[in-house]
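Participant: Handing you this structure, nothing more for now.
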Amino acid sequence: MRSSNKPLVLLIACLLLFSMAAQLALSVRQQSSTWDECDHLFAGYMSLKAGDFALNPEHPPLAKMVAAFPLLSLNLAVQPYQGRYFKWEAYFNGRELVFRNDPAHGGAYAGDTLLYRARLAVMVFALLLAVLVFLASWEMFGPVAALIALTLVAFEPSLLTNGGIITTDSAVTCMLFAAVYAFYRYTKAPSLSRLLLTGLATGLAFAAKHSAILLPPMLILLAAGDLCSRWQTARTSQHRVADLRRILFRSAASLACILAVGIFVLWALYGFRYRMVPGGPMSIPSLQSTMVSLPPLDNKIILFAVHHHLLPESYLFGLVDVRRVAGNQPTYLFGHILASGVWYYFPIVLLIKLTLPVLLFLAASVWAILSGRIHRRELWFVLVPPVAFLGFALTSPLNVGIRHILPVVPFLLVLAAASAVALIRQSRRFVYPVAGLLLWNIVSCLHAYPNYMPYSNELWGGPSHTRLYLSDAAVEWGQNLKWTKAYLDQHNIHDCYFAYFVEPFVLPADYGIPCKLLPTLESRGMVDLEVPPVIHGTILISDSVLSGYELGSSVRNPYDSLFHRKPDDIIMNGVEVYHGDFELPLASSMMYEVRARKLLNGDPSSHLKPDPQAALIAASQAVRLAPEGLDAHLVLGNTLLALNRKQEAAIEYRKALAITEQMEPSAKQHAEKSLKELLEKCNSDL
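Numbering of the sequence shown is given in the UniProt record's numbering, commencing with residue 1 and proceeding in unit increments.
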């Protein structure tokens, strides 16, 4: 490249960065708070203000602290801890921090203002990632590849979805890429400054998200590839054995130093303190008690780290929690609910969520790789991280959209850019198809603005069809309340019901939505929501609630009848609207099921002592409202069993067992096993 062209390249790069920043800032300005944002923001705020790392330990503090930093100078009222379960403490206090410091509550800052300030802060990770992709692509494949890669990043829907909201995914994506790029530069020209920079990036990746523990194995693989490359060079040397020993020792020492610096940085983010030190009364299980369900090897490793204080307690607690929770999550794919994750989920998500131009460039990369058009060393650094990360993800039972594999995306975009350049170098005639694909990529991305979350490429029908294949953070994560409010105002709807995915952690009323609330998986145990046997009028349902995937089976989905009905309208590809008269028996019975469980077992959070007789009344009402409700019969059977009325309990369990015949195979197997065990208890001592 001629030096005279460099200013033009940098100018175009600046324009692309500006376009990405504008898309991020303008899109999230129109979105309501998503699932984890208030939770993360409050946890980061208390970590900075009070050194409290007991809140939200399942996510390390880096992104949360960056988000909370702009709020530190503000005079904000913080609700005292209520002694709740520690996870709920962060969610509910986060909601109060954001939405109860407005003028209506005696404060000076609207919830939108606070949330937007925090979102602007976390955008730094997405923009820094774009800069790093540009620099890495230039260094590895030249300025044309750098501009192509930056164009793909600036108009990549998955990065725009996560880059402007307060979560850890964009942060770990940025820092993991930074660590790999820094290590590439170190192995290329070793120096102390490059070594320390790699260690710093590694530590920040650790402090961004627990999935960054995959980074050390990646660096080892990258070092091994670099060693093999140097071995091929050294084979012609007279001193190849001595050279290899020196290189091997230096590689091992370098990796050890990088890990040591990384752990030091992680400790620094936790204030060099082992204890989580909660700032108030909270119900926190012991670390040891949460480890019971872990595999024996994992248990031993964590216990060793705990005993020797190798890592901060909050980090270890979060690591255990992530491993524990991941095994209990159902999956939604192609309109079907699966009891747990499946290995092919994430490859399918990539095929749905990546733009078609990117997929075409990646298809061309097969030719570029096999024909040797991409340098072997650079290819190793671009391919190993996404293959390793995706390979690990294939074994994960937690399947929730592209955000959990977001770190693979920038590497794939660099590979796509390298393939595009290889095509152009093969023949100048490819300039026009490459330019056309880049333009297509931009148009496809902008077509999803301002709601990038439900994006799917044209092969799958675009954003309006994504809900047919995926759910949760791949479609609707609570971001639609502002658009829902505008829709209700436009259509003059005031009498309505709303099953909102993030309630009660974010309240539709805080966005001026007048609808009565319908129960969801989260809200049913926290809020008494009485649903009439027949609803007249308008029902709105978040797509992530409508799919019913969190409940593990469509049989348990109180809104399954609506799932199979064509909606009258859809708000921003995420909230379904229905008009008419509706019977939702499972929703009507849900409050009584929950009440029966609380009365049967006692509930300290509600100050309820065990009362089996009162539980029997509630459970009987649940069955009356939902005769075909599996959970209603189950809770009634449990109540009768507790009252030693075993024959009657067995009748209820058999009714529940009959209902399981309608369940999906994976869910049916688990439900049948549990019910048969309960029937054995009923049959004993009869």
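Idealized CB from N, CA, C, for every residue including glycine.
All values reported here derive from a predicted model rather than from experimental measurement.
Measuring alpha carbon to alpha carbon, tell me which of Gly391, Pro312, Arg324 and Lys566 ends up nearest Ala54.
Facilitator: As a position in the sequence shown, residue 54 is number 54, starting the count at 1. Ala54 has its Cα closest to that of Pro312, out of Gly391, Pro312, Arg324 and Lys566.
Participant: Starting from Leu147, follow the alpha helix (DSSP H) in both directions and report where the run begins and ends.
Facilitator: As a first step, residue 147 is located in the sequence shown; it is residue number 147 there, counting from the start. Leu147 -> alpha helix (DSSP H) spans Pro143 to Ala154.
Participant: DSSP on Cys515, reduced to helix/strand/coil?
Facilitator: Along the sequence shown, one-based indexing puts residue 515 at 515. It is coil, neither helix nor strand.
Participant: Among the candidates Ala268, Ala305, Arg324 and Arg275, whose CA atom is the shortest distance from the CA of Leu294?
Facilitator: Taking the sequence shown and counting its residues from 1, one reaches residue 294 at position 294. It is Arg324.
Participant: Taking DSSP as the reference, what is the three-state secondary structure of Gly199?
Facilitator: Residue 199 sits at position 199 when you count from the first residue of the sequence shown. Looking at Gly199 - three-state DSSP - the assignment turns out to be helix.
Participant: Write down every uninterrupted run of the alpha helix (DSSP H) in the stretch 506–586 whose length is 4 residues or greater and which is fully enclosed by it, in chain order.
Facilitator: Segments of the alpha helix (DSSP H) lying fully in the stretch 506–586: 543–546 and 560–563.
Participant: Using a Cβ-based criterion (distance less than 7 Å to any ligand heavy atom), does Glu378 qualify as near the ligand ZN?
Facilitator: The ligand ZN is absent from the structure shown, which contains no ligand whatsoever.
Participant: Across which residues does DSSP place Tyr497 in a beta bridge pair?
Facilitator: Taking the first residue of the sequence shown as 1, we reach residue 497 at position 497. The partner list for Tyr497 (beta bridge, DSSP) reads Lys516 and Ile539.
Participant: Please return the same chain residues whose Cβ sits closer than 8 Å to the Cβ of Val577, not counting the five positions on each side in sequence.
Facilitator: Residue mapping note: residue 577 aligns to position 577 of the sequence shown, counting from 1. If we look at Val577 and ignore the five residues flanking it on each side, its Cβ neighbours are Tyr487, Thr538, Ile539, Leu540, Pro567, Asp568, Asp569, Ile570 and Ile571.
Participant: So for Tyr345, helix, strand or coil by DSSP?
Facilitator: Against the sequence shown, residue 345 aligns to sequence position 345. Here Tyr345 sits in helix by DSSP.
Participant: Got a sec, what are the start and stop residues for the alpha helix (DSSP H) Leu630 sits in?
Facilitator: Working through the sequence shown from its first residue, we reach residue 630 at position 630. Taken as a continuous stretch (DSSP letters only), the alpha helix (DSSP H) holding Leu630 covers Leu630 to Ala642.
Participant: Quickly, what does DSSP pair Ile220 with across the bridge? List them, please.
Facilitator: Here residue 220 refers to the residue found at position 220 when the sequence shown is read from its first residue. Answer is none; Ile220 lacks a bridge partner.
Participant: Are the stretch 396–413 and the stretch 152–163 touching by the rule of at least three beta carbon pairs closer than 8 Å?
Facilitator: Segments in contact, yes.
Participant: Please specify which runs of the alpha helix (DSSP H), each continuous and at least 4 residues long, are wholly inside the stretch 251–336, giving them in chain order.
Facilitator: You should have 287–290, 296–307 and 313–326.
Participant: Using the Cβ count rule (16 or more neighbours within 10 Å means buried), how would you classify residue 738?
Facilitator: Past the edges of the chain, shown from 1 to 686, lies residue 738, and the structure says nothing about it.
Participant: Report all residues from its chain with a CB closer than 6 Å to the CB of Asp510; omit the five preceding and five following residues, and keep chain order.
Facilitator: Mapped onto the sequence shown, residue 510 falls at position 510. For Asp510, where only same-chain residues beyond five positions count, the Cβ hits under 6 Å are Phe99.
Participant: Please report the distance separating the alpha-carbon of Phe155 from that of Gly163.
Facilitator: As a first step, residue 155 is located in the sequence shown; it is residue number 155 there, counting from the start. As a first step, residue 163 is located in the sequence shown; it is residue number 163 there, counting from the start. When rounded, the distance between both Cα atoms is 12 Å.
Participant: Should Cys445 be labelled buried (16 or more other beta-carbon atoms within 10 Å of its own) or exposed?
Facilitator: As a working note, residue 445 is residue 445 in the sequence shown. Result: buried.
Participant: Taking the C-alpha atoms as reference points, what is the distance between Pro57 and Ala473?
Facilitator: Taking the first residue of the sequence shown as 1, we reach residue 57 at position 57. Taking the first residue of the sequence shown as 1, we reach residue 473 at position 473. Distance between the alpha carbons of Pro57 and Ala473: 21 Å.
Participant: So Gly637 and Leu678 are in contact, right, with Cβ under 8 Å, and what is the actual spacing, rounded?
Facilitator: As a working mapping, residue 637 is identified with position 637 in the sequence shown. As a working mapping, residue 678 is identified with position 678 in the sequence shown. Going by Cβ atoms, the distance from Gly637 to Leu678 rounds to 7 Å, so yes, they are a contact pair.
Participant: Please check the pair Leu72 and Leu48, which I expect to be a contact at CB under 8 Å, by giving their CB distance rounded to whole angstroms.
Facilitator: Taking the first residue of the sequence shown as position 1, residue 72 is located at position 72. Taking the first residue of the sequence shown as position 1, residue 48 is located at position 48. That belief holds up - the Cβ atoms of Leu72 and Leu48 are roughly 6 Å apart, short of 8 Å.
Participant: Is the stretch 166–174 touching the stretch 110–128 in the sense that three or more CB pairs, one from each, lie closer than 8 Å?
Facilitator: Output reads yes: the stretch 166–174 touches the stretch 110–128.
Participant: Contact check, Ala418 vs Ile374 under 8 Å by CB: the rounded distance?
Facilitator: Taking the sequence shown and counting its residues from 1, the one referred to as residue 418 is at position 418. Taking the sequence shown and counting its residues from 1, the one referred to as residue 374 is at position 374. Sure, about 5 Å apart at Cβ, within 8 Å.
Participant: In the DSSP output, what is Tyr85 paired with across the bridge?
Facilitator: Taking the sequence shown and counting its residues from 1, the one referred to as residue 85 is at position 85. According to DSSP, Tyr85 bridges with Ser283.
Participant: Closer than 7 Å by C-beta to His536: which residues in its own chain qualify, once you throw out the five before and the five after it? Chain order, please.
Facilitator: Residue numbering aside, residue 536 sits at position 536 when the sequence shown is read from its first letter. Contacts found: Asp581.
Participant: Take Glu661 as the anchor and find which of Leu643, Leu630 and Leu634 has the nearest alpha-carbon.
Facilitator: On the sequence shown, residue 661 is found 661 positions in, with the first residue counted as 1. Among Leu643, Leu630 and Leu634, the Cα nearest to that of Glu661 belongs to Leu630.
Participant: Nearest by alpha-carbon distance to Leu287: which of Arg273, Leu297 and Ile302 is it?
Facilitator: One-based indexing of the sequence shown puts residue 287 at position 287. Answer by Cα proximity: Ile302.
Participant: Can you tell me which of Leu521, Ala212 and Leu120 puts its alpha carbon nearest to the alpha carbon of Phe505?
Facilitator: Residue 505 sits at position 505 when you count from the first residue of the sequence shown. The residue with the shortest Cα to Cα distance from Phe505 is Leu521.
Participant: Does the Cβ of Cys14 have 16 or more other Cβ atoms within 10 Å, making it buried, or fewer, making it exposed?
Facilitator: In the sequence shown, the residue the question calls residue 14 occupies position 14. Exposed: under 16 other Cβ atoms inside 10 Å.
Participant: Return helix, strand or coil for Asp226, following the three-state DSSP convention.
Facilitator: Along the sequence shown, read from residue 1 onward, the residue named residue 226 stands at position 226. Asp226 falls in the helix class under three-state DSSP.
Participant: So if DSSP puts Leu608 in a beta bridge, which residue, or which two residues, is it bridged to?
Facilitator: Start at 1 with the first residue of the sequence shown, and residue 608 comes out as number 608. Asp603, per the DSSP bridge assignment.
Participant: If you run the structure through DSSP and keep just helix, strand and coil, what is Leu398?
Facilitator: In the sequence shown, residue 398 corresponds to position 398, counting from 1. The answer is coil: DSSP assigns Leu398 none of H, G, I, E or B.
Participant: Between the Cα of Leu546 and those of Met526, Pro532 and Gly574, spot the shortest distance and give me the residue it belongs to.
Facilitator: Position 546 of the sequence shown, counted from the start, is the residue given in the question as residue 546. When only C-alpha atoms are compared, the closest one is Gly574.
Participant: With DSSP as the reference, label residue 709 as helix, strand or coil.
Facilitator: As displayed, the chain neither begins before 1 nor continues past 686, which places residue 709 out of reach and without an answer.
Participant: For Ala435, count neighbouring Cβ atoms within 10 angstroms of its own Cβ and tell me buried if that reaches 16, exposed if not.
Facilitator: As a position in the sequence shown, residue 435 is number 435, starting the count at 1. With fewer than 16 other Cβ atoms within 10 Å, it is exposed.
Participant: Please determine, among Phe92, Gly552 and Met276, the residue with the shortest C-alpha to C-alpha distance to Val306.
Facilitator: Along the sequence shown, one-based indexing puts residue 306 at 306. For the residues Phe92, Gly552 and Met276, the minimum Cα distance to Val306 belongs to Met276.
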